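Right, one structure below, let's go through it.
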Amino acid sequence: MALSSRALVEDFLGYKLRQRGHCWPPSEAQAQAAGPGSAGPEEEEEAERVRVALREAAEEFELRYRRAFRGLAAQLHVTPDTAYQRFEQVVGELFRDGVNWGRIVAFFCFGGALSAESLDKEMAPLVPRIASWMIIYMESNLQPWILQHGGWEAFVALYGNNAAARSRHIQETVTWLMTLVAVGAGLAIAVFLARRR
Numbered sequence: 001m002a003l004s005s006r007a008l009v010e011d012f013l014g015y016k017l018r019q020r021g022h023c024w025p026p027s028e029a030q031a032q033a034a035g036p037g038s039a040g041p042e043e044e045e046e047a048e049r050v051r052v053a054l055r056e057a058a059e060e061f062e063l064r065y066r067r068a069f070r071g072l073a074a075q076l077h078v079t080p081d082t083a084y085q086r087f088e089q090v091v092g093e094l095f096r097d098g099v100n101w102g103r104i105v106a107f108f109c110f111g112g113a114l115s116a117e118s119l120d121k122e123m124a125p126l127v128p129r130i131a132s133w134m135i136i137y138m139e140s141n142l143q144p145w146i147l148q149h150g151g152w153e154a155f156v157a158l159y160g161n162n163a164a165a166r167s168r169h170i171q172e173t174v175t176w177l178m179t180l181v182a183v184g185a186g187l188a189i190a191v192f193l194a195r196r197r
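Here UniProt numbering is used: the first residue of the sequence shown is 1, the next is one more, and so on.
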């Protein structure tokens, strides 16, 4: 599939920033590249599946790790002078133990949070820089791993159709059922012991 790192990063950042009430349009280069005739219908469908799967996986990531992730960008005390250093530190720590799909989702979430924080703090010029850093990091460090692990098609197979949310729902259901069984067993033991007296 011919979905570029730039197209994916800019689409994701635009999506996350629109959620927070900001407007950050993609670059003219991406808009031109996405123009008529740039991709066939099958390629565009596959690119849309990747974009949707990434958004859904990011939503699930942010839901699961809301407490830990909330305010991370604010805690970094980013300024125009320290932004790249902070980006490098967090991304370096994120991938310190290797690359996997979950960490790639976290990478996108961090970029989105850092971009939103930049706009919230009236540092709008940082957003295109953050996008550029993400694109460079993806192409230099993540793209080889992505290609070795089935490409974005493998990501869609794992995370598409809201798979992460369904998995969480199944876990919550199993936990609820186990709790219900434990409470039922506790009540049965209490009744048994009460009858023996």
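Cβ coordinates follow ideal geometry from the N, Cα and C atoms, glycine included. For clarity, every value in this text was computed on a predicted model and none was experimentally measured.
>> How far does the alpha helix (DSSP H) with residue 145 in it extend, from its first residue to its last?
In response: 143-148
> For residue 52, which residues from the same chain have a beta carbon less than 8 Å from its beta carbon, with the 5 sequence-adjacent residues on both sides left out?
Replying inline: 160
> Just checking my contact of residue 76 with residue 86 at CB under 8 Å: how many whole Å lie between their CB atoms?
Replying inline: 5 Å
> Any idea what DSSP makes of residue 4, helix, strand or coil?
Replying inline: coil
> Who are the near neighbours of residue 105 in its chain, counting only those whose CB is closer than 6 Å to its CB and skipping five residues on each side?
Replying inline: Within its own chain, the residues whose Cβ lies closer than 6 Å to the Cβ of residue 105, once the five positions on either side in sequence are excluded, are 57, 58 and 61, listed in chain order.
> According to DSSP, is residue 109 helix, strand or coil?
Replying inline: helix
> Which residues bound the alpha helix (DSSP H) around residue 41?
Replying inline: 41-64 is the span of the alpha helix (DSSP H), which, as asked, contains residue 41.
> Are there 16 or more other CB atoms within 10 angstroms of the CB of residue 136, so buried, or fewer, so exposed?
Replying inline: exposed
> Is it buried or exposed for residue 112, if we count other Cβ within 10 angstroms and need 16 for buried?
Replying inline: In this structure residue 112 is buried. Its beta-carbon is surrounded by 16 or more other beta-carbon atoms within 10 angstroms.
> Should residue 14 be labelled buried (16 or more other beta-carbon atoms within 10 Å of its own) or exposed?
Replying inline: buried
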